[in-house]
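In terms of the working numbering, the sequence shown opens at residue 675 and continues consecutively.
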Amino acid sequence: MNSLLIRNGICVLPGRTIKADVFMENGSIVEIGQVRRSATQVIEAEGLHVLPGIIDSQVHFREPGLTHKEDLESGSRSAALGGVTSFYEMPNTNPSTTTVSALQHKIDIARRVSRVNFGFFIGATDSNLEELIAAQSVEHCVGIKIFLGSSTGSLLLNDRKKLKEIFLKTRCPIAIHSENEEVLLRRVDIRNNASSAVSHPDWRNVESALSSTKMIVELARETNRKIHVLHITSKEEIDFLSAHKDLVTVEVLPQHLTLFSPDCYERLGNYAQMNPPIRTKDHQEGLWRGVLNEVVDVLGSDHAPHTREEKDRPYPNSPSGMPGVQTMVPIMLNHVNQGRLTLERFVHMASTRPAQIYGKNKGRIGVGADGDLTLVSMSKNHTITNGEQATKSGWTPFAGMEVRGMPVYTIVGGQVVMANGQLLEAGKPQLI
Ligand code: DOR
């Protein structure tokens, strides 16, 4: 029987952070404390923090159809290197994942190639309600994704009647990209006449995000339906959402907490272009307030790789999105070290809450929980480089940034898949 003992780490347990051993067997956590059993493998974790496995609940791994940007193998490799033990992948592939069979196709590939746990969203259209209903009982389907405004790919659903039907007839998690298509179309001249990505947040302005978020929360209220709104970008939305926490869970991204306009566009050009866009510092501060006062539930990366050749096309022909699954943990640990949030709050948003929202036996170091752990060094200094990124796109907006705090081991189902920045090939973990 395979067993793994993590000795003497500083464990972030529910409600307290203590020095303890963690013993895992058969893919689960079996004992926490002063463990006297012997194990087939032992990690001496003195000085390391032991976190429940980090879950990245918003990634775009591009398979099928866009595998020149990424595929499930390279995406999962990036996850493992970044200390991420589970990823939940979005449906704007080619074809879009809008049927159970398309979902199954992705699941089959992931079963073969993924190094970490995985889940997939099914995308909502104006005519696939039956597929959405059926997908709810598919293992590894984590929920429904709705694009209220168009972004990368062709998925879009903003018909209130259709949305209401989905809200009423399904029970699984619904994750929502909230931008108002009508506002985006009304303002499209700003985009068409722009000479650089600095205009991107002007085109996709606060109104386009806020009006959409208000509309969808109103619909959630009307139908008494829980929803999860993805990548919130404005202080106005944080203020608005704070009054709706009984029904709405909220995600923010490390890039919106770290980069800001106009600086990011001046430094990175189209490489800072994403939807919804990176806004000014006052919005970033609003997002941080949301993190600290618990309006924000979840941190996800929105890993959305595009090749350099694609990003180098003159704006607005450059696609929106940036990679992030490998940098989410280092960027956020650096914020912890800078005193912006506690390690416990980070763990809550990047592990505990996503596990709760998506109904997984993960997100806590507790007896009986799945054996997913992320071991981090809070004192390790590192300069992020493009070269170390496993994404096929080969770049990160954080290249050159010096961070303090790095993932050191990624443990999935009681098996080490990454140690000290190296992927381990031995033994494929049971993925759930
Ligand atoms: O910037 C973005 N890129 N936002 C999205 O919603 C989609 C993503 C992508 O898939 O490229």
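The C-beta atom is built at its ideal place from N, Cα and C for all residues, glycine as well.
Of all alpha-carbon atoms in Phe-1072, Ser-775, Ser-1053, the one lying nearest the alpha-carbon of Asn-1060 is that of Phe-1072.
Classified as buried, Ser-752 has 16 or more neighbouring CB atoms from the shown chains inside 10 Å of its CB. Annotation for Phe-821 indicates a beta carbon within 8 Å of some heavy atom of ligand 1. The residue among Asp-1044, Gly-974, Glu-1018 with its C-alpha nearest the C-alpha of His-851 is Gly-974. Among the bridge pairs identified by DSSP, Leu-1097 is matched with Met-1092. Residue Asp-782 holds the alpha-carbon nearest to the alpha-carbon of Gly-793 among His-957, Lys-693, Asp-782, His-1009.
Inside the region 973-1059, DSSP marks whole beta strand (DSSP E) runs of 3 or more residues at positions 1047-1057, from first to last along the chain.
A direct Cα-Cα distance of roughly 20 Å separates Asn-791 from Phe-1020.
For Asn-949, the shortest separation between its Cβ and any heavy atom of ligand 1 lies below 8 Å. Lys-836 sits away from Ala-784, with the two beta carbons spaced by 9 Å or more.
Annotated three-state conformation of Ala-694 is strand, per DSSP. With fewer than three CB-CB distances shorter than 8 Å, the region 936-945 does not count as touching the region 878-886. A Cβ-Cβ separation of about 16 Å leaves Thr-897 out of contact with Leu-822 under the 8 Å criterion.
The Cβ atoms of Gly-1033 and Gly-701 do not sit closer than 9 Å to each other. Thr-772 has its Cβ no nearer than 8 Å to any heavy atom of ligand 1. Relative to the non-hydrogen atoms of ligand 1, the Cβ of His-902 never comes closer than 8 Å to any of them.
Within the same chain, Cβ atoms closer than 8 Å to the Cβ of Leu-1097 are found at Arg-751, Ala-754, Leu-755, Arg-789, Val-1091, the five residues on either side in sequence being excluded. The criterion of a C-beta distance shorter than 9 Å is not satisfied by Gly-1088 and Glu-737. Annotated three-state conformation of Ile-1085 is strand, per DSSP.
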